[in-house]
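Worksheet for the structure shown next.
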Amino acid sequence: MTRKQLELRIKANAEKYIHKDTEACVDAIMELYKRIPDVGGVFKPLYRYRSLNSDELNSLENETIFMRWPSSYDDKSDCTPVFDFEEISEYIIKKNHPILNAEKVVKEFINIDDIIENPRFAEKINEMRNMWMIACFTERYNNSKMWAQYANNFSGICLVYSFFDVLETIKHTKGMSIMPVRYVDNRDKYKDICLNHKDLLEFNDETEPKYQLTCTTKEKLSYSFEEEWRLIYEREKVNTDGEKKGDCIPFINPAVIICGNSVDKNSLEYQRLIRIAKGKGIRVI
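Just add 4 to the spot in the sequence shown (first one is 1) and you have the working numbering.
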């Protein structure tokens with residue numbers, strides 16, 4: 005990823021979530037779009053690494069995409085809100101003990117870990133991580149780390165989508181959007197994603213974009229190799245969803261499917277993949 009691409013990712017997120025300038029956000033996204041190489045001069049792609057299993061095959065057959073609530077992620081920091089704990093602690097002390105010097109009490113007596121480990125606080129974080137569903141894409145098909153991590157160590161598949169068709173689908177799907185992830189140093193220090201006591205008390209019009217920006221902000225050192233784009237769908241997890249990690253949402257099928265170097269071509273899953281792809285006119289390579 006070039007420095008310019010990193011800058012455009014940051015700009016797109018700032019325009020949408022901080023300045024609330026949709027037009028400027030779209031301009032930045034289209035600049036990123038132009039920088040993605042065409043596939044055989046035909047279309048600009050987005051890639052999605054997946055394991056080859058019955059769930060993924062069902063999605064292909066039914067023309068859906070599996071989207072997850074972030075609370076189900078193995079990475080517990082992903083989409084987890086960042087809080088200004090000093091400000092929150094001072095607010096609590098001022099409210100309950102107005103005669104005390106709140107700033108001094110916080111510095112000398114408040115243990116931030118006690119707040120983080122509070123069950124009610126943990127429940128609040130979980131609620132926020134269940135507000136939207138996410139599916140992840142990337143810009144390259146030849147990323148060895150991605151094949152290893154997300155496609156079952158090269159035995160899975162890489163779905164190749166037309167970026168233009170993805171944008172058209174989003175345009176006609178209420179509550180769906182796509183954003184490039186912005187990569188930063190010291191994510192937890194970024195004030196533009198830091199929630200205060202007002203955000204905790206009432207999730208309002210100011211809180212929502214701040215938290216959405218949290219969901220598209222990741223550590224540069226650890227994650228920039230992913231060159232990630234996030235498909236976001238506004239569907240909150242409810243009690244009837246039970247223990248589900250996510251759900252299949254109507255979507256377009258990929259134009260091409262790339263098989264990993266270690267895919268088992270004698271497996272029932274591979275044979276079913278070929279049948280589905282043939283029936284839907286999807287090229288498998």
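Every residue gets a Cβ at the ideal spot worked out from N, C-alpha and C, and that includes glycine.
Provide the residue span of the alpha helix (DSSP H) that contains residue i, from first to last.
{"i": "Ser148", "result": "148-154"}
{"i": "Ala281", "result": "272-284"}
{"i": "Arg239", "result": "Taken as a continuous stretch (DSSP letters only), Arg239 belongs to no alpha helix (DSSP H), as it is neither H nor E."}
{"i": "Met180", "result": "It is not in any alpha helix (DSSP H) - Met180 instead sits in the beta strand (DSSP E) that spans 180-184."}
{"i": "Met71", "result": "Segment 68-72 is the beta strand (DSSP E) holding Met71; no alpha helix (DSSP H) there."}
{"i": "Asp203", "result": "201-205"}
{"i": "Ile33", "result": "26-38"}
{"i": "Lys304", "result": "Only positions 5 to 289 of the chain appear in the structure, and residue 304 is not among them; the question remains open."}
{"i": "Val170", "result": "167-175"}
{"i": "Glu11", "result": "7-17"}
{"i": "Lys224", "result": "224-227"}
Alpha carbon to alpha carbon, how far is residue j from residue i? Give it in angstroms, no decimals.
{"i": "Phe167", "j": "Tyr95", "result": "46 angstroms"}
{"i": "Pro225", "j": "Leu217", "result": "What sits at residue 225 in the sequence shown is Leu, not Pro. Going from the Cα of Leu225 to the Cα of Leu217 covers about 18 angstroms."}
{"i": "Tyr165", "j": "Glu143", "result": "10 angstroms"}
{"i": "Asn208", "j": "Asn270", "result": "53 angstroms"}
{"i": "Val185", "j": "Thr244", "result": "30 angstroms"}
{"i": "Phe255", "j": "Lys128", "result": "31 angstroms"}
{"i": "Gly160", "j": "Ile278", "result": "14 angstroms"}
{"i": "Ala152", "j": "Cys198", "result": "33 angstroms"}
{"i": "Arg276", "j": "Ser55", "result": "14 angstroms"}
{"i": "Asn61", "j": "Ala155", "result": "For clarity, residue 61 is Leu in the given sequence; the question names Asn instead. Their backbone Cα atoms lie some 14 angstroms apart in a straight line."}
{"i": "Lys193", "j": "Glu90", "result": "13 angstroms"}
{"i": "Glu27", "j": "Glu273", "result": "44 angstroms"}
{"i": "Ile22", "j": "Phe158", "result": "39 angstroms"}
{"i": "Ser58", "j": "Arg7", "result": "39 angstroms"}
{"i": "Gly179", "j": "Lys99", "result": "38 angstroms"}
{"i": "Glu240", "j": "Cys83", "result": "14 angstroms"}
{"i": "Asp196", "j": "Thr177", "result": "28 angstroms"}
{"i": "Tyr215", "j": "Glu65", "result": "34 angstroms"}
{"i": "Lys175", "j": "Ile40", "result": "20 angstroms"}
{"i": "Glu223", "j": "Met34", "result": "23 angstroms"}
{"i": "Cys29", "j": "Asn17", "result": "7 angstroms"}
{"i": "Asp268", "j": "Asp31", "result": "43 angstroms"}
{"i": "Ser93", "j": "Glu131", "result": "21 angstroms"}
{"i": "Glu67", "j": "Asp88", "result": "42 angstroms"}
{"i": "Pro3", "j": "Pro213", "result": "The structure shown does not extend to residue 3, since the chain is modelled only from 5 through 289, so no value can be given for it."}
{"i": "Asn146", "j": "Phe229", "result": "12 angstroms"}
{"i": "Pro85", "j": "Val188", "result": "15 angstroms"}
{"i": "Asp79", "j": "Thr173", "result": "29 angstroms"}
{"i": "Asp42", "j": "Ser63", "result": "26 angstroms"}
{"i": "Met150", "j": "Phe70", "result": "18 angstroms"}
{"i": "Asn134", "j": "Ser148", "result": "30 angstroms"}
{"i": "Val302", "j": "Ser181", "result": "Residue 302 lies beyond the range of the chain shown here (5 to 289); nothing can be said about it."}
Tell whether a beta-carbon distance below 8 angstroms holds between residue i and residue j.
{"i": "Val288", "j": "Ile261", "result": "yes"}
{"i": "Tyr37", "j": "Lys24", "result": "no"}
{"i": "Ser81", "j": "Lys249", "result": "no"}
{"i": "Leu163", "j": "Arg52", "result": "yes"}
{"i": "Arg191", "j": "Ile138", "result": "no"}
{"i": "Met183", "j": "Lys20", "result": "yes"}
{"i": "Trp136", "j": "Tyr237", "result": "yes"}
{"i": "Arg234", "j": "Thr211", "result": "no"}
{"i": "Asn257", "j": "Lys282", "result": "no"}
{"i": "Cys140", "j": "Glu247", "result": "no"}
{"i": "Ile280", "j": "Ala259", "result": "no"}
Could you tell me whether any non-hydrogen atom of the ligand GDP is closer than 7 angstroms to the CB of residue i?
{"i": "Leu217", "result": "Among the components of this structure there are no ligands whatsoever, and the ligand GDP is therefore not found."}
May I ask you to list the residues that DSSP assigns as paired with residue i?
{"i": "Asp251", "result": "Met71"}
{"i": "Ile161", "result": "Arg54, Cys263"}
{"i": "Cys198", "result": "Val86"}
{"i": "Val43", "result": "Phe47"}
{"i": "Arg287", "result": "Val260"}
{"i": "Leu235", "result": "Ala139, Ile182"}
If you follow the beta strand (DSSP E) that residue i is part of, which residue opens it and which one closes it?
{"i": "Glu212", "result": "Segment 211-219 is the alpha helix (DSSP H) holding Glu212; no beta strand (DSSP E) there."}
{"i": "Phe141", "result": "137-141"}
Within 8 angstroms of any Cβ in chain D, is that where the Cβ of residue i sits?
{"i": "Lys178", "result": "Within the model displayed, chain D is absent; a lone protein chain is all it includes."}
Report yes or no: do the stretch 122-134 and the stretch 9-24 share at least 3 C-beta pairs separated by less than 8 angstroms? no
Is it the case that the stretch 263-281 contacts the stretch 195-215, given that we only count it when at least three CB pairs across the two stretches are under 8 angstroms? no
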